[in-house]
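Worksheet: the structure to be examined is printed underneath.
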DNA sequence: TAGTGGTCTAGACCACTAT
DNA sequence: TAGTGGTCTAGACCACTAG
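In structure tokens, the structure reads:
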């Protein structure tokens, strides 16, 4: 929560102006005008620099744009890259119902690969959560998640959620940074049985390391049926 | 290029201060101090608001951070998502030498799929560029690029570059936005021969639509040998 | 206590846009 | 010509940090 009050309870003027303008233009079409700086000066009885400080913040966050000689206007929303989402949201984007069956949800000792990925020592405790995931009823994916238990005390006891990312969000641990690797492969017998395909069928493998700040929250390894899943990614941003 | 001069040739003071500070701290370790605002006021003989305008710009771009009561310091560089890069840079990231053999580079009439992807009408002229791409000598990928000819007049005549993205960059058309789709598949006879694998071998398919602003610059369809290529992607940003 | 950044004032002149 | 944003001044008081 942002500090909007001084010690004596007075509101910061530039914040008052900023939020007034934000409320005014909220939902307005791109290109619609915001109040002019001098109009805000008059309305709030503040100096122009104070108004500019308020508008600067809204320009920086991309809500407004200034056009010299013309005025200040609602900016066109900028495109931003694909957010970091999990299976549940991936399915929602496709308009499919995400369902899961938990095959495993327990405390384990980290093996060498998982330990390295989570930046732990081999044998440290991790939470291993394995699910078969469906979209509109059809088997789509087999997902293994490994969570750093130190960051998630009591996670196994609180009842497993549908969306891991929602649960992480509740604890302020939703990843803001992800390192993904994506490859094509064929499945072995065990994975084939769970995905309801023949051994040797082509699959898409997707591994992810999820971080918030410098904390590695989870590592996931997903195997998608190639006939039922294509990964979509949007990269970059507007100028 | 930014305007740094007024009509009469005088430099904008906040730009002078900003670039002075940028030069001072360039390459300095995160946490090292920048000059204080009042020190800059004294050095340049300007008002403090002018100095603040200069520093605000550097804070917004992530170079500096302010700590109230302490001073202004070089900020820790923020992580940003994977930039939009092509094969040449993908290989460079792996420390591999990117080489290509052009199989096709010609003007064609857009088929239905390409026309839709480039937002053209079927039969419109497109540039089709097909290459077999190698990394450290080994065949890695078969890439078909379709370019909007209207945006790239004379492109075929200027001699084909190694890196498409470098060539686009030279024309101010390097994509800043990309829509990618990634799937696993098996190859047919023609692709198999070019990739030097058996038909039916598993491959990674990567399609991309590259845009700058609202202009669709190119559409690419790449087929990677699954045994020689894993896609790496980093998503998100620091708080 | 001295120094820092945060907030704020009450003006000023400029270039540019639209009428 | 009137209105807009861009730049700039010369101060002021505040809260906070560090020695």
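Residue numbers (my numbering), protein chains in the order written: chain A, 1 to 239; chain B, 1 to 239. All residues carry an ideal CB built from backbone N, CA and C; glycine is no exception. Nothing here was measured: the structure is a model prediction, and the numbers come from that model.
Query	Result
Cβ-heavy atom distance between residue 54 (chain A) and the ligand GTP below 7 Å?	Absent from the structure shown: the ligand GTP. Ligands present: none.
Tell me which same chain residues have a C-beta within less than 6 Å of the C-beta of residue 133 (chain B), skipping the five on either side of it?	87, 100, 140, 141, 143
I'd like to know whether the C-beta of residue 17 (chain B) is nearer than 8 Å to at least one C-beta of chain A.	no
Would you call residue 91 (chain A) buried or exposed, if buried means 16 or more other Cβ atoms sit within 10 Å of its Cβ?	buried
Does the distance from the CB of residue 204 (chain A) to the CB of residue 182 (chain A) come in under 8 Å?	yes
For the region 42 to 54 of chain B against the region 11 to 24 of chain B, do three or more pairs of beta-carbon atoms, one drawn from each stretch, fall closer than 8 Å, so that the two count as touching?	yes
Closer than 7 Å by beta-carbon distance: list the chain A residues that pair up with residue 129 (chain B), in chain order.	What residue 129 (chain B) touches in chain A: nothing, since even the nearest Cβ is about 21 Å away.
Just the Cα atoms here: how many angstroms apart are residue 128 (chain A) and residue 145 (chain A)?	6 Å
In the DSSP assignment, find the alpha helix (DSSP H) that holds residue 168 (chain B) and state where it starts and stops.	164 to 170
When Cβ atoms are compared, which residues of the region 37 to 57 of chain B fall closer than 9 Å to chain A?	49, 56
Closer than 9 Å, Cβ to any Cβ of chain A: which residues of the region 170 to 182 of chain B, in chain order?	175, 176, 177, 178, 179, 180, 181, 182
From A:31, A:27, A:17, A:58, pick the residue whose C-alpha is nearest to that of residue 38 (chain A); which is it?	A:17
When DSSP labels each residue in this structure, what does residue 35 (chain B) get in the three-state scheme?	coil
Please decide whether residue 67 (chain B) counts as near chain A, where near means a Cβ-Cβ distance under 8 Å.	no
Among residues of its own chain, excluding the 5 on either side of residue 110 (chain B), which ones have a beta-carbon nearer than 7 Å to its beta-carbon?	118, 120, 122, 123, 124, 126
Following the continuous beta strand (DSSP E) through residue 157 (chain B), name the residue where it begins and the one where it ends.	Run containing residue 157 (chain B): none; DSSP gives neither H nor E here.
Output the boundary residues of the alpha helix (DSSP H) element that contains residue 88 (chain B).	87 to 93
Are the region 153 to 165 of chain A and the region 210 to 224 of chain B touching by the rule of at least three beta carbon pairs closer than 8 Å?	no
Roughly how many whole angstroms lie between the Cα atoms of residue 192 (chain B) and residue 201 (chain B)?	8 Å
Taking 8 Å as the CB-CB limit, is residue 219 (chain A) close to chain B?	no
Starting from the Cα of residue 64 (chain A), find the closest Cα among A:165, A:27, A:105 and give me that residue.	A:27
Would you say residue 202 (chain B) lies against chain A (beta-carbon separation less than 8 Å)?	yes
Would you please verify whether the beta carbon of residue 238 (chain A) is less than 8 Å from any beta carbon of chain B?	yes
Beta-carbon separation of residue 104 (chain A) and residue 130 (chain A) under 8 Å?	yes
May I have the straight-line CA-CA distance separating residue 229 (chain A) from residue 185 (chain A), to the nearest angstrom?	14 Å
Does residue 162 (chain B) pass the burial test, meaning 16 or more other C-beta atoms within 10 Å, or should it be called exposed?	exposed
Output, in chain order, the set of chain B residues within a Cβ distance shorter than 7 Å of residue 12 (chain A).	None at all; the shortest Cβ gap to chain B is about 14 Å.
Can you check DSSP and say which residues form a bridge with residue 59 (chain A)?	DSSP, once it has assigned bridges, lists no residue as partnering residue 59 (chain A).
Excluding sequence positions up to five away, which residues of its chain have a Cβ less than 6 Å from the Cβ of residue 135 (chain B)?	91, 96
With a Cβ-Cβ cutoff of 8 Å, do residue 174 (chain B) and residue 197 (chain B) count as a contact?	no
So, is the C-beta of residue 117 (chain A) closer than 8 Å to a C-beta in chain B?	no
Quick check on the DSSP output: the alpha helix (DSSP H) that includes residue 80 (chain B) runs from which residue to which?	Looking at the DSSP string, residue 80 (chain B) is not in any alpha helix (DSSP H), and its letter there is neither H nor E.
Output yes if chain A places a C-beta closer than 8 Å to the C-beta of residue 88 (chain B); else output no.	no
Any idea if residue 61 (chain A) is buried or exposed, counting beta-carbon neighbours within 10 angstroms, 16 or more meaning buried?	exposed
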